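Protein chains: 2
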Amino acid sequence: MTDDALRIDPQRLFARLDALAQVGAIDGGGCCRLALTDDDRRGRDLVVRWMRELDLAVSIDAIGNVFGLRAGRTQAAPVMTGSHIDTVRTGGRYDGNLGVLAGLEVLQTLDDASIVTERPLVVAFFTDEEGARFPPDMLGSLVYVGDMPLAEALDVRAIDGARLGDELARIGYAGSAAPGVHRPHAFVELHIEQGPVLDAEGVTIGAVQDLQGISWQQLTVTGQSNHAGTTPMRLRHDAGYAAAAVAGYVRELAREMGGSQVGTVGKIDLHPNLINVIAARATLTVDLRNIDEARLREAEERLAVFLAQLASDEGVTIETRSLARFEPVRFDAGVVARIEAVASSLGLSHRRMTSGAGHDAQMLARICPTAMIFVPSVQGISHNPAEHTEAVDLAAGANVLLHTLLGLANDSPIT
Amino acid sequence: MTDDALRIDPQRLFARLDALAQVGAIDGGGCCRLALTDDDRRGRDLVVRWMRELDLAVSIDAIGNVFGLRAGRTQAAPVMTGSHIDTVRTGGRYDGNLGVLAGLEVLQTLDDASIVTERPLVVAFFTDEEGARFPPDMLGSLVYVGDMPLAEALDVRAIDGARLGDELARIGYAGSAAPGVHRPHAFVELHIEQGPVLDAEGVTIGAVQDLQGISWQQLTVTGQSNHAGTTPMRLRHDAGYAAAAVAGYVRELAREMGGSQVGTVGKIDLHPNLINVIAARATLTVDLRNIDEARLREAEERLAVFLAQLASDEGVTIETRSLARFEPVRFDAGVVARIEAVASSLGLSHRRMTSGAGHDAQMLARICPTAMIFVPSVQGISHNPAEHTEAVDLAAGANVLLHTLLGLANDSPIT
Numbered sequence: 000m001t002d003d004a005l006r007i008d009p010q011r012l013f014a015r016l017d018a019l020a021q022v023g024a025i026d027g028g029g030c031c032r033l034a035l036t037d038d039d040r041r042g043r044d045l046v047v048r049w050m051r052e053l054d055l056a057v058s059i060d061a062i063g064n065v066f067g068l069r070a071g072r073t074q075a076a077p078v079m080t081g082s083h084i085d086t087v088r089t090g091g092r093y094d095g096n097l098g099v100l101a102g103l104e105v106l107q108t109l110d111d112a113s114i115v116t117e118r119p120l121v122v123a124f125f126t127d128e129e130g131a132r133f134p135p136d137m138l139g140s141l142v143y144v145g146d147m148p149l150a151e152a153l154d155v156r157a158i159d160g161a162r163l164g165d166e167l168a169r170i171g172y173a174g175s176a177a178p179g180v181h182r183p184h185a186f187v188e189l190h191i192e193q194g195p196v197l198d199a200e201g202v203t204i205g206a207v208q209d210l211q212g213i214s215w216q217q218l219t220v221t222g223q224s225n226h227a228g229t230t231p232m233r234l235r236h237d238a239g240y241a242a243a244a245v246a247g248y249v250r251e252l253a254r255e256m257g258g259s260q261v262g263t264v265g266k267i268d269l270h271p272n273l274i275n276v277i278a279a280r281a282t283l284t285v286d287l288r289n290i291d292e293a294r295l296r297e298a299e300e301r302l303a304v305f306l307a308q309l310a311s312d313e314g315v316t317i318e319t320r321s322l323a324r325f326e327p328v329r330f331d332a333g334v335v336a337r338i339e340a341v342a343s344s345l346g347l348s349h350r351r352m353t354s355g356a357g358h359d360a361q362m363l364a365r366i367c368p369t370a371m372i373f374v375p376s377v378q379g380i381s382h383n384p385a386e387h388t389e390a391v392d393l394a395a396g397a398n399v400l401l402h403t404l405l406g407l408a409n410d411s412p413i414t
Numbered sequence: 000m001t002d003d004a005l006r007i008d009p010q011r012l013f014a015r016l017d018a019l020a021q022v023g024a025i026d027g028g029g030c031c032r033l034a035l036t037d038d039d040r041r042g043r044d045l046v047v048r049w050m051r052e053l054d055l056a057v058s059i060d061a062i063g064n065v066f067g068l069r070a071g072r073t074q075a076a077p078v079m080t081g082s083h084i085d086t087v088r089t090g091g092r093y094d095g096n097l098g099v100l101a102g103l104e105v106l107q108t109l110d111d112a113s114i115v116t117e118r119p120l121v122v123a124f125f126t127d128e129e130g131a132r133f134p135p136d137m138l139g140s141l142v143y144v145g146d147m148p149l150a151e152a153l154d155v156r157a158i159d160g161a162r163l164g165d166e167l168a169r170i171g172y173a174g175s176a177a178p179g180v181h182r183p184h185a186f187v188e189l190h191i192e193q194g195p196v197l198d199a200e201g202v203t204i205g206a207v208q209d210l211q212g213i214s215w216q217q218l219t220v221t222g223q224s225n226h227a228g229t230t231p232m233r234l235r236h237d238a239g240y241a242a243a244a245v246a247g248y249v250r251e252l253a254r255e256m257g258g259s260q261v262g263t264v265g266k267i268d269l270h271p272n273l274i275n276v277i278a279a280r281a282t283l284t285v286d287l288r289n290i291d292e293a294r295l296r297e298a299e300e301r302l303a304v305f306l307a308q309l310a311s312d313e314g315v316t317i318e319t320r321s322l323a324r325f326e327p328v329r330f331d332a333g334v335v336a337r338i339e340a341v342a343s344s345l346g347l348s349h350r351r352m353t354s355g356a357g358h359d360a361q362m363l364a365r366i367c368p369t370a371m372i373f374v375p376s377v378q379g380i381s382h383n384p385a386e387h388t389e390a391v392d393l394a395a396g397a398n399v400l401l402h403t404l405l406g407l408a409n410d411s412p413i414t
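So the protein sequences, as listed, match chains A and B. Everything in the first sequence is counted per numbering that gives the first Met the number 0, starting at 0 for the first residue and increasing by one. Everything in the second sequence is counted per numbering that gives the first Met the number 0, starting at 0 for the first residue and increasing by one.
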């Protein structure tokens, strides 16, 4: 059998996906493994056990990123793959997990075929990719590439008040490796699309060439609590109404700007949050994304103008705080072309595309040639227990990953 | 000294108000004694101790309403006063408490002057007037007047999931008296206005002739959770956006209808409530009030039309549940006139007015001649730790209550 005929074992991949999905399982088939919770620890323990069973050299860095290294014929910089295994509160079973477990499956496939690559191969999972408990998202890979100081990351507070460094130590994943260990020669991340494009078009493989810019803000509105029955409408300073007006405007803004602009208010908390009391305070988040940095900046500026007018009209104060801000990312053209070539050679339909979501790959792109492989999400559903990707597509994505990594790890120099 | 010259002791009243305000005290001088919590129990224990110190015959009914009876010369139906001592989460120190503690002060003033009235006098405090923990508001007085079955009330679930009957037993206030005990000859409730009218006009006493109708609804919006970055705006079924749109419409509705119409969305809960996930579900409340029943019904109907259109446009379902619905109330003209006459005789400025808030008196009005006495709320602020009424106004209200009760308890027949 030539290397070109090599294929991953789908059943082995599905078995690992199933086993990991049992950890923090929630109704409807999804997972809740918010970063650095006990369920995240149990998920990590399971994946680390699999890494050790594959005789990978496991290292853990000071922000809890975990790496399993398979030696190559040389000690050159490794080719890295991976993703994350933390989830949102209502996560699906493939988001992140597929990229990590397909990486393990690729290494096991190479083992079975007794293939040794020139460069070492590394499968990684990065801490707190979702940012659902500790902002910002992709925190682990951001620290890894050196663009967030470790001390600052360890001091981040969770939405439940916990300190990231304390939680990391508590679950036993404050490792000894310095962030940046195994500085990779190239990075490839396999991920579900989490959007509807591939499914709608019946295309199996997305060669992801760029990624939307992301702006996350937290708004704190301070008004005046008062009696809901006796306070005339004109005398109200209603933080709850202001929060609602922001959510309405974000929708209007995205509709008006069109193109790739999206906007979401996913989190609203009122205080005191009672039926008969005008809210004194509201905290809410605004998530804005655009593939064009200038347009994203325009969206932020238009929102700021709206907030100033709203604060004045309602007699409330509105404080804004940036929780995350990432410019759009362009992936490495050579790696994208290689993914396309592999998909073609495997007889799989493919297209170039843009990622609407943030991924660890966007951080890795700052330090090495990087691209992503997408597989379809049925109806584009993600961050939802109903998230689903067909088995044939999971296997197809893993096979594209296999041959992309194999090529990158044997070619020299990387183009 | 003739009875006409009789006055309450302001310092004694203020001391009791201060002592009760220490129970469940919160920052800013307010109170949090949500119904049937441990803090509510401590507040009840304190007021019951004061009742016993005044040698009142204390009885507790099966829904936890508490009555302190001072015997009259006859065993005729008593004249009752009182209010509530539960609070909202960010309650002030006078809302409810003033009516109960002024009632005790009136009885102590009669004791000091060795006055025995013809009819007995009763000071009552009713369970769960605020409805902030257990809907509907005024639940205790509603059961008292026989318009909510006891069994149904005991089965009400709190916003924290607890069963009312269990919590009542837990804090030791599941009494043995049947609801309706001491069926009163008349009822008078002293309360802070909780609105801006008296303060703005510099008037000391409000003779409350009627009370706004209240409509409380809980809305549950079910959409589809999905990724905030990858889901095109046109494909969203965003429960969070729908909740915000409702809050925006309620404001618009109140503005458009004008007059006495007010509308408030004070409570919004999103699920999963995360920055990068389109909300799958939202629960929110709508509080609508109007002095005119037909206009209130119109507001409800217009909201229903809006909800149907919104559900269709956004591709979500919206379930509505009525948490409370009370028609506007007209108080007893005789009792109102008596309050005005007493205020005049005491040299106090007064005006007839409408209550924008719900009160236990509106329930008592169903079974006996009833009216209310209002004193000013500085800047109309209420349901807020900054709620304040000037000492001179607290005393004035208690003196109007004293002479109104004295008149009602000695006159026969009541007009």
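Positions of the beta carbon are idealized from the N, C-alpha and C atoms, including for glycine. Since this is a predicted model, take the numbers as computed values, not measurements.
Listed as beta-bridge partners of ARG169(A) by DSSP are no residues whatsoever. With contacts defined as CB atoms closer than 8 angstroms, GLY357(A) and ASP136(A) qualify as a contacting pair. When the five nearest sequence neighbours on each side are left out, the beta carbons in the same chain lying within less than 8 angstroms of the beta carbon of LEU149(B) are those of ALA61, ILE62, VAL142, PRO178, in order along the chain. For ILE338(B), no beta strand (DSSP E) encloses it; the enclosing alpha helix (DSSP H) starts and ends at 332–344. The beta-carbon distance between ILE213(A) and GLY228(B), rounded to whole angstroms, is 7 angstroms. This is short enough to meet the 8 angstroms contact definition. Of all residues in the region 180–211 of chain A, only GLU192, GLN193, GLY194, PRO195, GLN211 place a beta-carbon less than 8 angstroms from a beta-carbon of chain B.
Counting only Cβ-Cβ distances below 9 angstroms, TYR240(B) has contacts in chain A at ALA246, GLY247, VAL249, ARG250, THR263, VAL264, in chain order. When 7 angstroms is used as the limit between beta carbons, MET232(A) is near these residues of chain B: ALA253, ARG254, VAL261, in chain order. Residue burial annotation: ASP38(A) is buried, with at least 16 other C-beta atoms found within 10 angstroms of its C-beta. For the pair of segments examined, the region 206–220 of chain B was found not to touch the region 168–186 of chain A: the number of CB pairs separated by less than 8 angstroms stays below three. GLU200(A) and LEU33(B) have their alpha carbons spaced roughly 55 angstroms apart. For VAL285(A), the uninterrupted beta strand (DSSP E) run begins and ends at 280–289, by DSSP. Spatial neighbours of ARG280(B) in its own chain (CB-CB distance under 6 angstroms, excluding positions within 5 residues in sequence) are listed in chain order as THR221, ALA238, HIS270. GLY174(A): not part of any alpha helix (DSSP H); DSSP gives it neither H nor E. For GLU128(B), there is no enclosing beta strand (DSSP E), as DSSP gives it neither H nor E. Taken in chain order, the whole alpha helix (DSSP H) runs of length 4 or more contained in the region 123–164 of chain B are 138–143, 149–153. Of the candidates GLU151(A), LEU12(A), ALA323(A), the residue whose Cα lies closest to the Cα of GLU299(A) is ALA323(A). The alpha-carbon of SER82(A) is positioned some 18 angstroms away from that of ASN275(B).
Counting only unbroken stretches of 3 or more residues, the beta strand (DSSP E) elements lying wholly within the region 214–279 of chain A are 261–263, 267–270, in sequence order. Rounded to the nearest whole angstrom, the CA to CA distance from ILE170(A) to THR126(A) is 12 angstroms. Per DSSP, the beta-bridge partners of HIS190(B) are PHE373(B). Against chain A, the CB of ILE25(B) has no partner CB under 8 angstroms away; the residue lies outside that interface. Under DSSP, the beta-bridge partners assigned to GLY205(B) are ARG350(B), PHE373(B). Between LEU345(A) and LEU120(A) the beta-carbon gap is near 19 angstroms, outside 8 angstroms, which marks them as no contact. Among the residues facing chain B, THR369(A) is not included, as its CB has no counterpart in that chain under 8 angstroms away.
Of the other Cβ atoms in all chains shown, fewer than 16 fall within 10 Å of the Cβ of GLU292(A); this residue is therefore exposed. At a cut-off of 8 angstroms between beta carbons, LEU269(B) contacts chain A. Boundaries cannot be given for SER113(B), as no beta strand (DSSP E) includes it and DSSP labels it neither H nor E. Put simply, the CB of ILE213(B) is near chain A, with a gap under 8 angstroms to one of its CB atoms. Rounded to whole angstroms, the separation of the alpha carbons of ARG254(A) and ALA303(A) is 17 angstroms. Taking a Cβ-Cβ threshold of 8 angstroms, the residues of chain B close to ASN225(A) are GLY379, ILE380, SER381, HIS382, ASN383, in chain order. Neighbours of THR80(A) across chain B, judged by C-beta separation under 9 angstroms, do not exist; the nearest C-beta is about 21 angstroms away. One alpha carbon belongs to GLN260(A), the other to PRO183(A), and they sit about 33 angstroms apart. The three-state secondary structure of LEU19(B), taken from DSSP, is helix.
The region 392–400 of chain B makes contact with the region 364–376 of chain B: 3 or more CB pairs, one atom from each, lie closer than 8 angstroms. Within the region 121–147 of chain A, the residues whose Cβ lies closer than 8 angstroms to some Cβ of chain B are GLU129, GLY130, ALA131, PRO134, ASP136, listed in chain order.
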